[in-house]
Amino acid sequence: PIVVALRGTPRDTGLNLDLLLKLDEYFESIAPKYRDFLARTKMSVIDTGVLWHQIPGGMFTNMVAQLREADALHRLPEVYAELPQTRRELGYPPLVTPTSQIVGTQAINNVLFGRYKVISQQVKDYVYGLYGKSPASIDPRVQELVLKGYEKGERPITCRAADVLEPELDKAKEATKDIARDIGDVLAYALYPTTGMRFLRWKYGLEEPPPETKAKTLKDIKREDELIAKAKAGEFVEVGLAAPPPVAEAPAKIEEEKEVVAGTPLLAPMPGTIIRYLVNEGDEVKAGDDIVVLEAMKMENVLPTPEDGEIKAINFKPGDRVNANDVLAIIG
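For the sequence shown, the positions run 28 to 359 when the numbering used here is used.
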């Protein structure tokens with residue numbers, strides 16, 4: 028921190044920050060050997076790497092979670108190197124919510140899938156001007172690439188962002204007229220169309236919530252408290268379980284043979300949730316046409332078709348959770 032604080036002043040140390048950070052990495056690598064003699068698990072009280080990658084704590088935590096979800100945590104150093112370049116190309120958006128998440132997720136996409144091969148909807152909105160004017164100029168080549176085929180236009184706006192927004196409340200009321208009972212339900216859908224609709228279906232008993240979303244009962248909490256108390260007291264007692272009663276043999280399940288659809292699969296590049304499909308089965312598409320919107324890493328990612336052809340199959344529906352490499356659609 029002292030080196031950075033004095034940089035450009037009459038007391039500039041002249042020390043190379045990159046080399047200092049390499050020394051920091053070395054000492055952290057040998058820290059486990061001396062952990063018993065340390066008051067902390069790290070040699071340094073602060074993360075000196077932030078002087079280089081300039082990632083705030085909350086943004087760092089989110090990026091680590093995103094990389095872990097994509098099974099790519101080992102590529103964090105590459106994201107560190109990519110982030111300053113991505114931020115510069117996007118006109119130095121401030122690293123505060125929400126623009127910190129926008130630039131951070133795009134840097135991750137650039138590392139995992141190639142530079143600007145996967146562009147989130149939020150990056151397109153930002154470059155178009157819906158988040159206001161960027162502090163610095165956006166790289167013209169990146170701007171052209173990001174806004175190519177953008178539904179609102181390929182030239183950024185120069186007016187106030189709110190002036191180009193369309194009224195949405197009436198659309199939300201129409202979409203939820205069969206389920207919403209008050210304005211709160213309508214707003215839940217307006218803010219989060221996919222997850223909001225799922226929540227409303229759970230709320231009014233139209234769909235069974237998954238077990239992990241159900242609240243703990245008082246009985247569950249009491250059982251957990253008892254187990255914790257026994258563990259603290261050192262009372263580890265293994266209770267033998269009675270053998271379950273014999274189950275009547277179920278009738279043989281007839282497996283339905285699924286028709287194998289020939290064609291080129293569109294694979295999910297990362298785990299996420301299907302927001303919506305932009306095409307229907309039977310539609311003709313050209314290479315590069317957008318097919319599906321996948322919410323992943325808190326951003327909406329529009330996935331294009333890899334080749335010309337016809338949509339032979341759509342394998343999921345909005346709201347479905349998918350894993351990396353799941354076949355989202357087949358083009359033939």
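We put the CB at the ideal spot given by N, CA and C, even for glycine.
Residue of the options minimising C-alpha distance to residue i
i, options, result
"residue 318", "298, 324, 292, 326", "292"
"residue 301", "316, 329, 160, 290", "329"
"residue 143", "173, 160, 152", "173"
"residue 83", "324, 124, 151, 32", "124"
Beta-carbon separation (whole angstroms), residue i vs residue j, contact threshold 8 Å
i, j, result
"residue 227", "residue 203", "7 Å"
"residue 118", "residue 161", "3 Å"
"residue 183", "residue 155", "5 Å"
"residue 290", "residue 349", "Residue 290 to residue 349, Cβ: 18 Å. No contact."
C-beta atoms of residue i and residue j nearer than 8 Å
i, j, result
"residue 344", "residue 357", "no"
"residue 153", "residue 126", "yes"
"residue 50", "residue 30", "no"
"residue 256", "residue 297", "no"
"residue 217", "residue 245", "no"
"residue 316", "residue 331", "yes"
"residue 346", "residue 312", "no"
"residue 355", "residue 342", "yes"
"residue 145", "residue 136", "yes"
"residue 109", "residue 138", "yes"
"residue 116", "residue 166", "yes"
"residue 209", "residue 295", "no"
Outcome for residue i when other beta-carbon atoms lying within 10 angstroms are tallied against a minimum of 16
i, result
"residue 258", "exposed"
"residue 120", "buried"
"residue 149", "buried"
"residue 277", "In this prediction, residue 277 scores a pLDDT of 45, lower than 50, which makes its location untrustworthy; the coordinate-derived value is nonetheless stated afterwards. Its Cβ having fewer than 16 others within 10 Å, residue 277 is exposed."
"residue 169", "buried"
"residue 93", "buried"
"residue 223", "buried"
"residue 60", "exposed"
"residue 37", "exposed"
"residue 106", "buried"
"residue 185", "exposed"
Query raised in the report: Which parts of the stretch 122-176 are runs of the alpha helix (DSSP H), unbroken and 4 residues or longer, counting only runs that do not cross its ends?
Result: Fully contained in the stretch 122-176 are the following alpha helix (DSSP H) runs of length 4 or more, in chain order: 126-140, 148-155, 167-174.
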